[in-house]
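In this note's numbering, the protein residues as written are 42 to 340. Note that beta-carbon positions come from the ideal geometry of N, C-alpha and C, so glycine has one too.
This is how it looks when you write it as structure tokens:
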């Protein structure tokens, strides 16, 4: 048996909607489990760097779900082809988690539905804004109280694309979270609540001209800016170059912009900021993903 899982990257927070809204983009990790093969192969991002044991999120999730189901994994080979940059705020760990869970579920005859797998992944991650869009595709607004998950999925307009600046350095999520304050002023909370609501309304009504204002933030980006050189300038200049909106992707350090027109001016603007800041990296134009995770099984 050969099982192939393909998981899109996602960008969480979308500026104002901290830990609650995310967008899937067309950059994919693939995991292949083959019961006729042996050994673990890691290709692409993290090759020669990522562990090939339970410290790897995909491998851990594969074993964890098998244990939970009371099943023993048969002899197998596992190939992980990673295209999502690691520790860049594009949900590479989420992709591994989902891939491992789905591989185990397929291997043992799908005892859990996709919704159940998704809820398990949210409980493990502790926040849903990457798990749900990576599983379902599109733009997903989520609510998670530690027990119950609610979400609404929106489909982006045809032709909308993302431009992502991926720096040459990584940023651990734990470090980016540790810098956040435990309490914020009421005016800042109101600032973000209104803009997060506007973000959803803008997509629901096609008012994409409002996305710039809807992605402004006071809850996490100002505090994380010292960890991401040039962040505020890159957001500002991406919008000036024609992006509808731009934000720190997840915990960073990548920056994502949304475009409904040409992407090259936005890519060029990102490069100019990076050059002024002395930062190496790459600017990638990507489609938005509307399909989410896919799985194919061959006898």
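Bridge partner(s) assigned by DSSP for residue i
i: residue 74; result: 44 and 119
i: residue 92; result: Answer is none; residue 92 lacks a bridge partner.
i: residue 125; result: Paired residues: none, contrary to the question.
i: residue 204; result: 298 and 326
i: residue 49; result: 69
i: residue 335; result: 47
i: residue 195; result: 180
i: residue 80; result: 118
i: residue 343; result: Since the first residue shown for the chain is 42 and the last is 340, residue 343 is missing from the structure and cannot be characterised.
i: residue 55; result: None; residue 55 has no bridge partner.
i: residue 62; result: 182
i: residue 85; result: 123
Member of the options whose CA lies at the smallest distance from the CA of residue i
i: residue 209; options: 229, 312 and 159; result: 312
i: residue 122; options: 107, 109 and 93; result: 93
i: residue 335; options: 314, 223 and 175; result: 175
i: residue 213; options: 298, 129, 113 and 103; result: 129
i: residue 192; options: 144, 166, 159 and 223; result: 159
i: residue 105; options: 162, 75 and 59; result: 162
i: residue 333; options: 78, 143 and 115; result: 143
i: residue 222; options: 316, 265 and 79; result: 265
i: residue 290; options: 319, 257, 281 and 318; result: 257
i: residue 216; options: 149, 255 and 294; result: 294
i: residue 102; options: 268, 165 and 231; result: 165
i: residue 268; options: 296, 243 and 254; result: 296
i: residue 80; options: 70, 112, 89 and 118; result: 118
i: residue 96; options: 320, 242, 200 and 138; result: 138
i: residue 186; options: 154, 168, 200 and 218; result: 168
i: residue 218; options: 310, 325 and 263; result: 263
i: residue 201; options: 309, 303, 155 and 231; result: 303
i: residue 116; options: 154, 90, 91 and 77; result: 77
Own chain, CB closer than 6 Å to residue i, minus 5 neighbours either side, in chain order
i: residue 82; result: 120
i: residue 140; result: 46, 48, 72 and 99
i: residue 298; result: 204, 279, 284, 287 and 307
i: residue 114; result: 107
i: residue 274; result: 314
i: residue 321; result: 209
i: residue 84; result: 122
i: residue 155; result: none
Residues of its chain near residue i, where Cβ-Cβ distance is below 7 Å and the 5 sequence neighbours each way are ignored
i: residue 64; result: 51, 52, 55, 174, 180 and 329
i: residue 337; result: 45
i: residue 170; result: 53, 54, 60, 61, 62, 63 and 183
i: residue 178; result: 49, 65, 330, 331, 332 and 333
i: residue 127; result: 86, 87, 133 and 211
i: residue 250; result: none
i: residue 323; result: 207
i: residue 225; result: 260
i: residue 243; result: 249, 251, 252 and 255
8 Å Cβ cutoff, residue i in contact with chain D
i: residue 256; result: Protein chains in the displayed structure number just one, and chain D is not present.
Beta-carbon proximity of residue i to residue j, cut-off 8 Å
i: residue 67; j: residue 301; result: no
i: residue 276; j: residue 287; result: yes
i: residue 229; j: residue 260; result: yes
i: residue 75; j: residue 43; result: yes
i: residue 195; j: residue 245; result: yes
i: residue 136; j: residue 233; result: no
i: residue 58; j: residue 237; result: yes
i: residue 270; j: residue 318; result: yes
Own chain partners of residue i with C-beta closer than 8 Å, once the 5 adjacent residues on each side are dropped
i: residue 152; result: 110 and 146
i: residue 131; result: 50, 51, 52, 66, 68, 125, 205, 207, 290, 291 and 295
i: residue 198; result: 247, 249 and 301
i: residue 149; result: 107, 110 and 112
Any non-hydrogen atom of the ligand ZN within 7 Å of residue i CB
i: residue 194; result: With respect to the ligand ZN, the structure shown offers nothing to examine, as it has no ligands at all.
Exercise. Which parts of the segment 226-302 are runs of the beta strand (DSSP E), unbroken and 3 residues or longer, counting only runs that do not cross its ends?
Worked result: Listed in chain order, the complete beta strand (DSSP E) runs (minimum 3 residues) inside the segment 226-302 are 286-289 and 296-300.
Problem set entry | Ordered list of beta strand (DSSP E) runs contained in the segment 119-190, each at least 3 residues | Within the segment 119-190, the complete beta strand (DSSP E) runs of at least 3 residues are 180-185.
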